[in-house]
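One structure below.
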Amino acid sequence: MITFSENVDLQNLIGVQLGNAAIPTRTKIFLIDVINHSPVKEIPTVWVRQLGKLLQDGNPEICLLVLGLIESRSIQALNDQLKLIVNNPNTPANFRLKALSAQLHFDSKISDPEFQMVLQYLDKQNESPVRQLAANVLVSAKLNNTQLLQLVKEQIAQTDVFLLPTLVGSFEECSNAAVGTALIAALQSSPNRLENLSEEDLQRLFSEYPQALKTSAEPLMARLREQNATRLLKLQEIESQLGRGDVGQGRILFLGKSICSSCHAIGDQGGDFGPDLSNIGEIRSRHNILEAILYPGASFAREHETSKITTKTTNYTGIIKEQVNEAIIIQTAPGQHVRVQRDEITGIEPQSTSMMPPGLDKLLTPEELSDLIAYLVSLPDGMGYMGKGGKH
């Protein structure tokens, strides 16, 4: 169907089916996927009209898919509806943030009320996936200096370490000395939290700042190099603290608190942003699994290497999921795909950093980390394990 989706009659049929209340949800999901992968450059009006209606039909699964489609295909005609979702405080957090993420494709600037909303979703009272999504929104936005200074003051010095690398990315391409000075001070105030930043991260971060400010950042760089040199010792120390773990509790953690399932699938549960982990226990040792959790950049699955696509107007960093004659589809975050036309691309560069946020171990107690690793090591045999007390 994708191959023939440029045919006007088929486009009209798809539009009619999307608007048919009797059509099952799974069929509409299939049709949305057809639209997302269609070779058409401009989304037909008949599709736009029905997609707008689907945003209002109350089906959360369909709504999230449509929001992703709007972002992927840059359907600016639905921007007003995105604004309604973003500005409605009664809408669930993930809907508001995904709508704002899509909206940023048409205007990378973020209003102050929108910025304050995102900061609220970074608060520790929210679940980890919501906080990660909020951080990704800020990285996608072009924040002004006032917003960056507030982000430094309220988040950089005290946010959880698993969010720090993402939030720090918001300061790339900034050259304001006041912002840079505040950022360095915030990072220096809690040097033990630097372990989740790479030397390359900081070099890229300060590349646009005046030389004097780069010089003042050198103590940070030195501290980071020192911490990286002791990485193996830390890995061994944490490994020695882990128990055998409970496979059943590990499964619960995988699907919940650890946020692993936001990106990784096991069997038919979880996301497709990161590698499928259904057989991870057969190909990775307990030591290697722990290292991947602590230091995601230590190794990559080849098909999940990070790339940066530069266009005439913006940059996209993520995992290239598909390449067709006229476009490249890059996934920039869980559930967020962007279709980039080849004639707009000015460069594609591999990146040495992983899209998996470091510091996820900080979300878990040693006992919970033991349980999670026990579950992963048990795979695929432990895939459906539900009970407690399943020592591995």
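Following the numbering used here, the numbering of the sequence shown begins with 9 at its first residue and continues without gaps.
We put the beta carbon where it would ideally sit given N, CA and C, even for glycine.
Provide the residue span of the beta strand (DSSP E) that contains Glu330, from first to last. 323-331
Within 10 angstroms of the Cβ of Asn204, are there 16 or more other Cβ atoms? Answer buried if so, exposed if not. buried
Apart from the five residues on each side of it in sequence, which residues of its chain come closer than 6 angstroms, Cβ to Cβ, to Gln155? Closer than 6 angstroms at Cβ, skipping near neighbours: Phe123.
At a threshold of 8 angstroms, does Gly279 count as lining the ligand ADP (C-beta to nearest heavy atom)? As for the ligand ADP, it is missing from this structure, which has no ligand bound.
Excluding the 5 residues flanking Glu79 on each side, which residues of the same chain have their C-beta closer than 8 angstroms to its C-beta? Lys106, Ser109, Ala110, His113, Gln344, His345, Val346
Excluding the 5 residues preceding and the 5 following Glu357 in the sequence, name in chain order all residues of the same chain whose CB lies nearer than 6 angstroms to its CB. Hits under 6 angstroms: Lys316.
Could you say which of Ala186, Ser116, Ser386, Leu202 lies nearest to Ala165 if we only look at CA atoms? Of the candidates Ala186, Ser116, Ser386, Leu202, the residue whose Cα lies closest to the Cα of Ala165 is Leu202.
Out of Asp284, Glu299, Pro304, which has the shortest C-alpha to C-alpha gap to Pro365? Pro304
Provide the residue span of the beta strand (DSSP E) that contains His345, from first to last. 344-349
Short check: CB of Gly258 to CB of Ser270, under 9 angstroms? no
Run through DSSP, which three-state label would Gly398 get? Caution applies to Gly398, whose pLDDT of 44 falls short of 50 and renders its modelled position unreliable; the model cannot decide the point.
Rounded to whole angstroms, what's the CA-CA distance from Leu387 to Ser293? Just pull it up for me. 11 angstroms
Curious, which full-length alpha helix (DSSP H) runs of at least 4 residues does the region 99-180 contain? If one requires a minimum length of 4 residues, the alpha helix (DSSP H) runs lying completely within the region 99-180 are 101-111, 120-129, 136-148, 153-159, 172-176, in chain order.
Determine the closest residue to Pro199 out of Glu180, Ala220, Ser46, Leu172, with distance taken between C-alpha atoms. Leu172
Run through the DSSP bridge pairs and tell me what Ile31 is partnered with. Paired residue(s): none; Ile31 is not in a bridge.
Identify whether Ser315 lies in helix, strand or coil by the three-state DSSP scheme. strand
Got a sec, what are the start and stop residues for the alpha helix (DSSP H) Met361 sits in? At residue 361 the sequence reads Thr, which differs from the Met that was named. Here Thr361 belongs to no alpha helix (DSSP H), and DSSP marks it neither H nor E.
Exposed or buried, what is Gly275 when buried is set at 16 or more other beta-carbons lying within 10 Å of its beta-carbon? exposed
If you follow the alpha helix (DSSP H) that Ala185 is in, where does it begin and where does it stop? 185-196
Contact set for Lys399: own chain, Cβ-Cβ below 7 angstroms, skip 5 residues either direction: Model confidence at Lys399 stands at a pLDDT of 44, short of 50, so the residue's coordinates are unreliable; what they give is reported in the following sentence. Once the five neighbours on either side are set aside, the close Cβ partners of Lys399 are Arg252, Asp254.
Can you check DSSP and say which residues form a bridge with Ala273? Gly278
Are the beta-carbon atoms of Thr361 and Asp209 separated by less than 9 angstroms? yes
Which same chain residues end up closer than 7 angstroms to Ile192 when comparing Cβ atoms and leaving out the 5 residues on each side of it in sequence? Ser224, Ala225, Leu228
DSSP state of Gln64, grouped into three classes? coil
With Thr223 as the anchor, note down where its alpha helix (DSSP H) starts and where it stops. 219-224
Cβ of Gln89 within 9 angstroms of Cβ of Gly60? yes
Identify the continuous beta strand (DSSP E) that holds Ile454 and give its terminal residues. Look at the range of the chain in this structure, 9 to 400, and you will see that residue 454 is not part of it.
C-alpha distance - Gln244 paired with Asn134, whole-angstrom precision: 32 angstroms
Among Leu372, Gly390, Thr35, Tyr324, which has the Cα closest to the Cα of Leu285? Looking at the Cα atoms, Gly390 is the closest of the given residues.
What is the DSSP secondary structure of Thr238, counted as helix, strand or coil? coil
Going by C-alpha to C-alpha distance, which of Leu130, Asp120, Gln84 sits closest to Ala101? Answer by Cα proximity: Leu130.
Compare the C-alpha of Thr322 against each of Leu302, Arg239, Gly355, Glu216 and name the closest. Gly355
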